[in-house]
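Read the structure below first, then the notes.
Protein chains in written order, with our numbering: chain P, 20 to 304; chain R, 17 to 340.
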């Protein structure tokens, strides 16, 4: 693994050259599309529609961002996305907290079966449920409505929220709550005053991952919101951006950047959690 | 505390409780309702939002369900007719074949690349490792629709950077090459996009598994004269195998999530070049108004996936079993 210290530094550097070159290549392959998205958004249109591509914009411009933000309904779709996402995540958090507590701290018949169901739900074939959910929403008059999306995003994020919160709750020593109960707290009070503050990082991490999942969801937003254009969300708007703006790739990339930004910021802030625990929880970004 | 105390139990019962070690097994059952009340919303959600749609899909796949039935709602049962129609359709088998090719190409590329990246990351110095891991996380974070749009722009026929670079390198035939008009090229771009998006998760997970392999094992293997390839095969791989299998089965299942990329980028086209099973099901149902055939295709997809799913769960519970 590590090269012995006795080797001369030059030979060591040479030996490590292929490794570092591979690392550089990996970083470039990873970052280039993201870099290209951002720089295209800042390039003047003459640079974009040129047969002589420039790696760095000749001049930085906010023109494309102005076009994207000023586009019809941008603020409305932003609000829709935020509304649906936040309510889905809050609902999932609330429901998952109860379920996770019951699983982590209580013994009851059916506990194992419940967890099995949660694990299966986490792998639910959402891509294969579009047709029945479309038909059910149509029959119940729930098409074109944001609460429908909220419910679906709630269900998409719920299983992994339960799994992760269960892990966090199980990690808090029950003795702490017991001590509080001895001191006269009720069971619920002990949980709220003792365990809940310790749970804050876990709640934070899970809700942010739920947020990203719901924020990015495209399929159901695309097929359940059909006639009522005012109920569309950002991913659908972005996918139709090209048809709205024709060949204005600068504005399209500006819109992509604006859409990706919240997710990028959250992920980078959570990087430690990402690389450590949640990776093993089967979380797709 | 694992015990659930009913409301009627006097408070000071807690004080007489045995030490925690024994407490974990105590109080089983007791007929208390609390845990059931706590999981009830989650169970209801799973029943109404997952099980019911699934049951409905099964039902529709056995019915004659088209636009008329969608509006009037008096669908007749036709038994296995939809499945017979599908299985007798050479076009359907072409889609199945394409789905498996798509899955195999993606999963093999993802697993090979991410294993290499993970092995590389482990050997890097601290700064380089942080840079690599950060860029992996960044890619992981890019929303699917944003990434898909960016790739459309990268491979744009006229002003796309890929064509301009290829032309600049002397491949004149790529000048204005319309990637999305050629079946093979479009298929290739979708694969590249999915591999690019999937490698970060797989690589980071494999890397965190690699870190747990004790360094002494490598040293003793090397002292026994084993080469790098031999060390990987006999020491590293057997130890990360459980995680590797977990990631592998997840990636197989997630290839079906490629629905979004395909739908946004090509809608399954050009022709049928990128139509995999989930895309085919939705096209049949929503574009062709054949909800019955689409549901049947979806159910066959679920059936195919559940095989992989069983594999995944066996692996997962073996992992879970290690924890108390």
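Just so you know, even glycine gets a beta-carbon here, dropped at the ideal spot from N, CA and C.
My understanding is that residue i touches residue j, with C-beta atoms under 8 Å, so please give their C-beta distance in whole angstroms.
i              : j              : result
residue 314(R) : residue 150(P) : 6 Å
residue 276(P) : residue 56(P)  : 6 Å
residue 215(R) : residue 149(R) : 13 Å between Cβ atoms; not a contact.
residue 262(R) : residue 332(R) : 7 Å
residue 303(R) : residue 99(R)  : Not confirmed; about 20 Å, so no contact.
Which chain R residues sit within Cβ distance under 9 Å of residue i?
i              : result
residue 120(P) : 51 and 54
Taking the alpha carbon of residue i as the reference point, which residue from the options has its own alpha carbon closest?
i              : options                           : result
residue 267(R) : 60(R), 125(R) and 247(R)          : 125(R)
residue 210(P) : 158(P), 256(P), 188(P) and 266(P) : 188(P)
residue 54(P)  : 74(P), 190(P), 92(P) and 36(P)    : 74(P)
residue 76(R)  : 319(R), 333(R), 310(R) and 109(R) : 310(R)
residue 191(P) : 95(P), 217(P) and 79(P)           : 217(P)
residue 91(P)  : 28(P), 260(P), 205(P) and 203(P)  : 260(P)
residue 118(R) : 191(R), 203(R), 303(R) and 254(R) : 203(R)
residue 48(P)  : 120(R), 252(R) and 156(R)         : 156(R)
residue 62(P)  : 81(P), 50(P) and 44(P)            : 81(P)
residue 160(P) : 286(P), 287(P) and 243(P)         : 243(P)
residue 324(R) : 269(R), 294(R) and 284(R)         : 269(R)
residue 162(R) : 198(R), 142(R), 137(R) and 209(R) : 209(R)
residue 375(R) : 282(R), 219(R) and 94(R)          : Outside the displayed span of chain R (17 to 340) sits residue 375(R), for which this structure offers no information.
So, with DSSP's three-state summary, where would you put residue i?
i              : result
residue 305(R) : coil
residue 322(R) : helix
residue 71(P)  : coil
residue 80(R)  : strand
residue 237(P) : coil
residue 163(P) : coil
residue 25(R)  : Only weak support is given to the placement of residue 25(R): the predicted model assigns it a pLDDT of 34, under 50, and the question is left unresolved by the model.
residue 91(P)  : coil
residue 96(P)  : helix
residue 249(P) : helix
residue 171(R) : coil
residue 39(R)  : Residue placement at residue 39(R) is flagged as unreliable, the pLDDT there being 36, under the threshold of 50; the coordinate-derived value follows with that caveat. DSSP places residue 39(R) in helix when its eight states are reduced to three.
residue 66(P)  : helix
residue 158(P) : helix
For residue i, decide whether its Cβ has a neighbour in chain P, counting only Cβ atoms nearer than 8 Å.
i              : result
residue 43(R)  : Because residue 43(R) sits at a pLDDT of 43, beneath the cut-off of 50, its placement in the model cannot be relied upon, and the following sentence gives the value as read from the coordinates. So yes, residue 43(R) belongs to the interface.
residue 236(R) : no
residue 101(R) : no
residue 261(R) : no
residue 119(R) : no
residue 206(R) : no
residue 178(R) : no
residue 38(R)  : With a pLDDT of 33 at residue 38(R), under the threshold of 50, the modelled position of this residue cannot be trusted, and the question is left open.
residue 125(R) : no
residue 310(R) : yes
Consider the Cβ of residue i: report whether some Cβ of chain R lies at a distance smaller than 8 Å.
i              : result
residue 204(P) : no
residue 146(P) : yes
residue 258(P) : yes
residue 216(P) : no
residue 306(P) : What the structure shows of chain P is the stretch from 20 to 304, and residue 306(P) is not part of that stretch, so it cannot be assessed.
residue 213(P) : no
residue 117(P) : yes
residue 157(P) : yes
residue 272(P) : yes
residue 283(P) : yes
residue 181(P) : yes
residue 125(P) : yes
residue 79(P)  : no
Using the beta-carbon of each residue, which ones in chain P are nearer than 8 Å to residue i?
i             : result
residue 10(R) : Here chain R covers residues 17 to 340 and nothing more, so residue 10(R) does not appear.
So which residues on chain R does residue i lean against when the C-beta distance must stay under 8 Å?
i              : result
residue 114(P) : 57, 58 and 61
For residue i, go through chain P and note every residue whose CB falls closer than 9 Å to its CB, in chain order.
i              : result
residue 278(R) : Those within 9 Å of residue 278(R) in chain P number zero; the least Cβ separation is about 11 Å.
residue 329(R) : 135, 138, 139 and 142
Whose Cβ in chain R lies nearer than 7 Å to the Cβ of residue i?
i              : result
residue 238(P) : 275 and 276
residue 46(P)  : 147, 148 and 151
residue 177(P) : 58 and 61
So which residues on chain P does residue i lean against when the C-beta distance must stay under 7 Å?
i              : result
residue 170(R) : 52 and 55
residue 325(R) : 142
Could you tell me whether the Cβ of residue i comes closer than 8 Å to any Cβ of chain C?
i              : result
residue 165(R) : No chain C appears in this structure, whose protein chains are P and R.
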